[in-house]
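In order, the protein sequence lines correspond to chains W and U.
Per this note's numbering: the first sequence ends with 225, consecutive numbering throughout.
Per this note's numbering: the second sequence ends with 111, consecutive numbering throughout.
Quick reminder that beta carbons are idealized off the backbone N, C-alpha and C, glycines included.
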Amino acid sequence: EAQVTQNPRYLITVTGKKLTVTCSQNMNHEYMSWYRQDPGLGLRQIYYSMNVEVTDKGDVPEGYKVSRKEKRNFPLILESPSPNQTSLYFCASSRTGSSGGHEQFFGPGTRLTVL
Amino acid sequence: SQQGEEDPQALSIQEGENATMNCSYKTSINNLQWYRQNSGRGLVHLILIRSNEREKHSGRLRVTLDTSKKSSSLLITASRAADTASYFCAPTGGNNRLAFGKGNQVVVIP
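Right under this line is the structure:
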């Protein structure tokens, strides 16, 4: 089954304790992206990757890091989480192409609480 | 910005009625996509309309695009309780990035 998986699904942590949220897709997609969703603000893009070893900042990259060492995986790293990073996080993937903007497949979400 | 802005932001209708949502954006696009999100879950792609298309259908969904007005609409016909969700438009440029709006919450009353 074609899917995007995220782990963990729920996480409660404390300020400053490094954490990683994993994302994996089995569709051989080149493009992967991380979003955060907050009430009243919609989805905002954190980082994206056009392919292996190619990553770029989205609209709200501060406080986050990513890596793309393999095509299927795109982990999101919070080196020193703060309470303002409490949010619902989504990973997504899609093909790429000259026409731009293909259908994105979303993971189930990771609800993060930073105390 | 390329971000889509949905209107109205909340809509409540009776089952069987049609629901119409609008989306406006500010820059040129390659295509525009609509997604649905059930409470707290991942977004699900509904339909994609390219910049050279004016209307597209998929089941009970009808999407229109007016690039001269930089706007799109999503019509759900004969709504069902299961259509209760948030709907997002995402204008897309050539870089594959989707600029989601804040979403439109639709409640279908049985």
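Through-space distance from residue j to residue i, alpha-carbon basis
| i | j | result |
| --- | --- | --- |
| W/L186 | U/N31 | 28 Å |
| U/V64 | U/S25 | 13 Å |
| W/T223 | W/G173 | 15 Å |
| W/T130 | U/A79 | 43 Å |
| W/Q116 | U/T93 | 25 Å |
| W/S74 | W/E180 | The first residue shown for chain W is 111 and the last is 225, placing residue 74 of chain W beyond what the model contains. |
| U/K57 | U/S29 | 19 Å |
| W/W144 | W/C201 | 5 Å |
| W/T123 | W/R154 | 22 Å |
| U/S74 | W/S203 | 25 Å |
| U/A83 | U/V109 | 8 Å |
| U/L184 | U/R81 | No information on residue 184 of chain U is available, as it lies outside the stretch 2 to 111 that chain U covers here. |
| W/P149 | U/E16 | 27 Å |
| W/R119 | U/P9 | 31 Å |
| U/K71 | U/R55 | 12 Å |
| U/P111 | W/Y199 | 31 Å |
| W/R178 | W/D166 | 11 Å |
| U/N97 | W/V114 | 18 Å |
| W/F184 | U/I14 | 40 Å |
| U/S40 | U/V107 | 11 Å |
| W/V164 | U/K103 | 28 Å |
Beta carbon of residue i nearer than 7 Å to that of residue j
| i | j | result |
| --- | --- | --- |
| U/A86 | U/Q38 | yes |
| U/G43 | W/G152 | no |
| W/S197 | W/R146 | yes |
| U/T21 | U/L62 | no |
| W/R182 | W/S134 | yes |
| U/E18 | U/N105 | no |
| W/P171 | W/Y158 | no |
| W/E111 | U/H46 | no |
Minimum C-alpha distance to residue i - residue among the options
| i | options | result |
| --- | --- | --- |
| W/N161 | W/H212, W/H139, W/V124 | W/H139 |
| U/S59 | U/A82, U/K103, U/I48 | U/I48 |
| U/Y36 | U/T68, U/Y88, U/I50 | U/Y88 |
| U/F101 | W/G168, W/S177, W/P118 | W/G168 |
| U/L99 | W/R119, W/Y141, W/E111 | W/Y141 |
| U/D67 | U/G41, U/K27, U/K103, U/S40 | U/K27 |
| U/N53 | U/S69, U/H46, U/N97 | U/S69 |
| U/N23 | U/V45, U/I14, U/G5, U/S40 | U/G5 |
| W/L219 | W/T132, W/D166, W/G126, W/L225 | A small fix is needed here, since residue 219 of chain W is Gly in this sequence, not Leu. Measuring from the Cα of W/G219, the nearest candidate turns out to be W/T132. |
| W/Q128 | W/V164, W/K175, W/M137, W/Q113 | Per the sequence presented here, residue 128 of chain W reads as Lys, with Gln not at that position. Checked all of W/V164, W/K175, W/M137, W/Q113; the closest Cα to W/K128 is W/K175. |
| U/I50 | U/C90, U/I14, U/G41 | U/C90 |
| W/G126 | W/F184, W/E163, W/N194 | W/N194 |
Please name the residues in the stretch 175–199 of chain W whose beta-carbon is closer than 9 Å to at least one beta-carbon of chain U, in chain order.
L198
Which ranges does the beta strand (DSSP E) cover as unbroken runs of at least 3 residues, wholly within the stretch 11–48 of chain U, from first to last along the chain?
11–15, 20–25, 32–38
Restricting to runs no shorter than 4 residues, where is the alpha helix (DSSP H) found entirely within the stretch 147–218 of chain W?
none
What are the start and end residues of each continuous beta strand (DSSP E) run of 3 or more residues lying completely inside the stretch 67–101 of chain U, in chain order?
72–77, 86–93
Give the residues from the stretch 44–71 of chain U that approach chain W closer than 8 Å (Cβ to any Cβ), ordered along the chain.
L44, V45, H46, L49, R51
Check each residue of the stretch 26–40 of chain U: if its Cβ is closer than 9 Å to any Cβ of chain W, include it; give the result in chain order.
I30, N31, N32, L33, Q34, Y36, Q38
May I ask you to list, following chain order, the residues of the stretch 95–108 of chain U that have a beta carbon less than 7 Å from some beta carbon of chain W?
G95, N96, N97, R98, L99, F101, G102, K103, G104
Under 8 Å, CB to CB, which of the residues in the stretch 71–88 of chain U have a partner in chain W?
none
Hey, which unbroken runs of the alpha helix (DSSP H) at 4 residues or more fall wholly within the stretch 113–147 of chain W?
none
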